[in-house]
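Student:
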Amino acid sequence: MAEPFLMRALLAGLGLAVVAAPLGCFVVWRRMAYYGEAVAQAGLIGIAVGLALSVNLTASVLAVTLTVSLLLVALSRQQLVPFDALLGLLAHAALAIGVIAASLARGPQLDLMAFLFGDIFAVSASDLRWIYLGGTLALGVLIYLWRPLLALCVHEDLAAAEGAPVERVKLVFVLVLALVVAMAIKIVGVLLTIAFLIMPAAAARPLSETPEQMALFAAIFGSLSVALGLFLSVSFDTPGGPSIVLVLAFLFLAAIVPAVVRGQR
Amino acid sequence: MAAGSPQGLLARPTLAGHALPAEAYGRDQHHPHCEPEPSPAVAPAADALFSARSVWLTRAGRAILQNVDIDIAEGEILTLIGPNGAGKTTLVRVLLGLEKPDRGTVARRPGLVVGYVPQRFAVDRAIPLTVARFIELGRRVEDEDAGRALADVGADKLADRQLSELSGGELQRVVLARALVGSPGVLVLDEPARGIDFTGEAELYALIGRLRSERGFGVLLVSHDLHVVMAQSDRVICLNRHVCCSGVPRSVAQHPEYARLFGAQAARALALYQHHHDHRHDLAGEPQTPAGPASDQT
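Residue numbers (the working numbering), protein chains in the order written: chain X, -16 to 248; chain E, 5 to 302.
1. Who pairs with V223(E) in a beta bridge, going by DSSP?
2. Output needed for L191(X): all residues of its chain with C-beta closer than 7 Å, excluding positions within five of it in sequence on either side, in chain order.
3. Determine, using beta-carbon pairs with one atom in the segment 105 to 114 of chain E and one in the segment 117 to 126 of chain X, whether at least three such pairs fall under 8 Å.
4. In angstroms with no decimal places, state the Cα-to-Cα distance between E78(E) and L170(E).
5. Which two residues bound the contiguous beta strand (DSSP E) that contains V72(E)?
6. So if DSSP puts L61(E) in a beta bridge, which residue, or which two residues, is it bridged to?
7. Taking its Cβ as the centre, do 16 or more other Cβ atoms sit within 10 Å of Q62(X), making it buried, or is it exposed?
8. Closer than 8 Å, CB to CB, is V230(X) near chain E or not?
9. Cβ of A178(X) within 8 Å of Cβ of V228(X)?
10. Under 9 Å between beta-carbons, which chain X residues line up against F125(E)? List them in chain order, please.
11. Express the C-alpha separation of M15(X) and P225(X) in angstroms, rounding to a whole number.
12. What number of angstroms, rounded off, separates the C-alpha of T221(X) from the C-alpha of L(-1)(X)?
13. State buried or exposed for S43(X), treating a residue as buried only when at least 16 other CB atoms are found within 10 Å of its CB.
14. Compute the beta-carbon to beta-carbon distance between G81(X) and A31(X), rounded to the nearest angstrom, for a pair I have assumed lies under 8 Å.
15. If we ignore side chains and look at the alpha-carbon of each, how far apart do V145(E) and Y18(X) end up?
16. Do A(-5)(X) and I181(X) have their C-beta atoms closer together than 8 Å?
17. Taking E139(X) as the reference, give the member of L116(E), L184(E), A126(E) with the closest Cα.
18. Within this structure, are the beta carbons of P189(X) and F204(X) separated by less than 8 Å?
19. Tell me the rounded alpha-carbon separation between G252(X) and L116(X).
20. With distances taken between CB atoms, is the gap from L69(E) to G91(E) smaller than 8 Å?
21. Could you tell me whether any Cβ in chain X is nearer than 8 Å to the Cβ of A130(E)?
22. Consult DSSP for F54(E) and reduce its assignment to one of helix, strand or coil.
23. May I have the straight-line CA-CA distance separating V98(E) from T203(E), to the nearest angstrom?
24. Just to confirm before moving on: does the CB-CB distance between V240(E) and T83(E) stay below 8 Å?
25. Taking DSSP as the reference, what is the three-state secondary structure of H138(X)?
26. Q61(X) versus chain E: which residues are under 9 Å apart at the beta carbon?
27. Could you tell me the boundaries of the alpha helix (DSSP H) in which A201(X) lies?
28. Could you pull out every residue in the same chain whose Cβ sits closer than 7 Å to the Cβ of S52(X), ignoring the five residues on either side in sequence?
29. Which residues of chain E have a Cβ atom closer than 9 Å to the Cβ of A134(X), listed in chain order?
30. So, is L208(E) buried or exposed, given that buried needs 16 or more other C-beta atoms within 10 angstroms?
31. How many Å lie between T109(E) and P5(X) at the Cα?
32. Return the residue from the list L135(X), I168(X), A121(X) that minimises the CA-CA distance to L95(X).
33. List the residues of chain E whose Cβ lies closer than 7 Å to the Cβ of A76(X), in chain order.
34. For Y120(E), which of N244(E), D147(E), G142(E), P188(E) has the nearest alpha-carbon?
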């Protein structure tokens, strides 16, 4: 287990799990799963741009996720097209653009799978630095904004009427989401990133009495899924990202089924 | 006698030891006509908690507020009534700064702490939250203050319960308790009795009246019911996109007709605002000017 690539994979996964836990809770509470999905899939455009311009992929992905996140905020104010339709439209347009651009950039033999489902075993020391720097920043902002964010999750108008800077907090939140999504894409790919955010939080919900407990349990589930997923992946030679998500799916079932059986709805 | 008649104005209530500013009552005339009048360019009332002047608001081509003036004075209970779709909630949202009017001004006393009970409070079960946490959500609250607010609404036993486990009536009390925390200068209650049975409704109004007397905050209360306003109401504004009329509510005891309608027991806790309409509204709610004989709307 002391192989350097495995250690880097484990460190990257655990670091991401800790940041993804509180962020994932807010994504669940704010019902932004599809928002996150659209931003993550837009990351593929960032990969295509990065390959075409031969720049750092993490940087180009981050630039695109931030831009798309802001664009979505602006588009959410129009009412001619419902927001969920808009998100679906953007996610799949991004997927199409990303796949076409990537194939043009490197030819059809490009390993698209690594971008769609992540390549956790290819995490480099530089990737790791990105993840821990960005992760620390994201976690710091989330802790700083915890109270107003929670207040606006519970009731946005109430928070606004009591003087919370609701619009500013929402804006910072979507930027943090874009930052974490950009980091997660390297590890679990554009298609599984949102799963890595919401599944630990969803599994934590039935066990939690307070919002902080839910974030803590989500961090534990996320870390557990990284460790178990990597173990599965190495033992059975399965792909890393999907193995982690598979463990998360079982953790979610293990948490939700007893709650449903107990009649907790 | 129409509310807002000279006699009604003379019977100006005083409460909690301080006289109401004359300004707040100066405009309590029963408007002879109901169409939105050109703005008289009255300056906002300097001593009001909230003061809106000539507020116009249109959404999706539909005029929702037309030239609305409203003041809420310190310590008064102002009830806003009107039919569904009259723009009551929109006016409240404009006053709270949640919505920007197309035209007009809204002034709010600097440093005013607002306690807000929104019209619909849907509990999100995805967020695990105890009542105690909900009370202090988004701000720093002394335990003592939170405990007192919960005790005031008779919900002190609920502190450790999950918000999602509460009944409709319990939730309503808890949301009210949250609004009471932090020494608010004004409570804004948007149909707080929604979803509560009639006894509960009468109790809730009596509670709000009692708390106002004890703490001296102003109250803006919204009701869609043209007949039932709380006995503690100092002033009533009838809104149907524009201010139809405003004045002092009359005691239910003088209205055998309403007492009969609502039952003698509840009638003791509630006062009714006799709604002498001097005009009729067409089906779209537009006022029609030829003033027919004054009739009590039912």
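Backbone N, C-alpha and C define an ideal beta-carbon position, used for all residues, glycine too.
Tutor: A quick look at the data gives this:
1. According to DSSP, residue pairing for V223(E) in a beta bridge involves I81(E), L191(E).
2. Contrary to the premise, residue 191(X) reads as Ser rather than Leu in this sequence. Only M197, F200 meet the Cβ criterion.
3. With contact defined as three or more Cβ pairs closer than 8 Å, the segment 105 to 114 of chain E and the segment 117 to 126 of chain X are not in contact.
4. Between E78(E) and L170(E), the C-alpha separation is close to 33 Å.
5. That run of the beta strand (DSSP E) goes 66 to 76.
6. According to DSSP, L61(E) bridges with L69(E).
7. Answer is exposed; the Cβ neighbour count stays below 16.
8. No - not a single Cβ of chain E is within 8 Å of the one on V230(X).
9. For A178(X) and V228(X), yes; Cβs fall inside 8 Å.
10. Chain order gives the chain X residues near F125(E) as H138, L141, where near means a beta carbon separation below 9 Å.
11. The straight-line gap from Cα to Cα measures roughly 22 Å.
12. The alpha-carbon atoms of T221(X) and L(-1)(X) are separated by roughly 20 Å.
13. By the 10 Å Cβ count, S43(X) comes out buried.
14. About 5 Å separates the beta carbon of G81(X) from that of A31(X), a gap short enough to meet the 8 Å contact definition.
15. V145(E) and Y18(X): Cα-Cα distance of roughly 34 Å.
16. Against a cut-off of 8 Å, the Cβ pair of I181(X) and A(-5)(X) comes out as no contact.
17. It is A126(E).
18. No, Cβ-Cβ distance for P189(X) and F204(X) is not below 8 Å.
19. Outside the shown range of chain X, which is -16 to 248, sits residue 252(X), and nothing can be said about it.
20. Yes, these two residues count as a Cβ contact at 8 Å.
21. Output row for A130(E): interface = yes.
22. Strand, per DSSP.
23. Straight across, the Cα-Cα distance linking V98(E) with T203(E) is about 31 Å.
24. For V240(E) and T83(E), yes; Cβs fall inside 8 Å.
25. Under the three-state reduction of DSSP, H138(X) is assigned to coil, being neither helix nor strand.
26. Taking a Cβ-Cβ cut-off of 9 Å, Q61(X) has no neighbours in chain E, whose nearest Cβ is about 13 Å from it.
27. First-last of the alpha helix (DSSP H) with A201(X): 194 to 219.
28. Apart from the 5 residues on each side of it in sequence, S52(X) sits with its Cβ closer than 7 Å to the Cβ of V22, V157, L158, L160, A161 in its chain, given in chain order.
29. Within chain E, the residues near A134(X) are L141, G142, R143.
30. It is buried - the Cβ of L208(E) has at least 16 other Cβ atoms within 10 Å.
31. Here the C-alpha atom of T109(E) lies approximately 41 Å from the C-alpha atom of P5(X).
32. Among L135(X), I168(X), A121(X), the Cα nearest to that of L95(X) belongs to I168(X).
33. Within 7 Å Cβ-Cβ: nothing; A76(X) doesn't reach chain E, min ~29 Å.
34. With distances taken between Cα atoms, Y120(E) lies closest to P188(E).
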